[in-house]
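Visitor: In the working numbering, the protein residues as written are 176 to 312.
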């Protein structure tokens, strides 16, 4: 009976700790206990600049249009400033058309990133992101 009581006490402590963990950590440790809506976040910044080299106008124009599309995302925010500015645009499954359009614009910009559930999952760009394309209208 003492061992059973210890197990229940430990289980209660662990469950209490799980509730206090951040959502990301809980998702990693116990994905079966977390219910999240599928979402993808595209992160990109301005095209890289080189001293004495004029940036390609097509790339600059594409970047400007990408920022406009990103600002229309259901959740949009920025971090940093100047050449370290990073745009974050989060899309859910219902917004797959906007996600596709933004990805098409930013896929050639060096340093862009794709996060699924706000996590840098392996093969996020090549495997997980295309699964959103099935939901395009």
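Glycine included, each C-beta is placed from N, C-alpha and C at the ideal position.
Return the bridge partner residues of residue 291 from the DSSP annotation.
Guide: DSSP lists 215, 294 as partners of residue 291.
Visitor: Can you name, in chain order, every residue of its own chain whose Cβ lies under 7 angstroms from the Cβ of residue 241, other than the five neighbours on each side?
Guide: Counting only Cβ-Cβ distances below 7 angstroms, and skipping sequence neighbours, we find 219, 277, 280, 281.
Visitor: Beta carbon of residue 307, beta carbon of residue 271: below 7 angstroms?
Guide: Yes; because the gap between Cβ atoms is below 7 angstroms, this pair is in contact.
Visitor: Exposed or buried, what is residue 250 when buried is set at 16 or more other beta-carbons lying within 10 Å of its beta-carbon?
Guide: Residue 250 should be labelled exposed.
Visitor: Taking DSSP as the reference, what is the three-state secondary structure of residue 282?
Guide: Note: residue 282 maps to coil in three-state DSSP.
Visitor: Based on the DSSP output, what are the partners of residue 252 in its beta bridges?
Guide: DSSP, once it has assigned bridges, lists 263 as partnering residue 252.
Visitor: Measure the Cβ-Cβ separation of residue 221 and residue 238 and say whether it is below 7 angstroms.
Guide: Closer than 7 angstroms, so yes.
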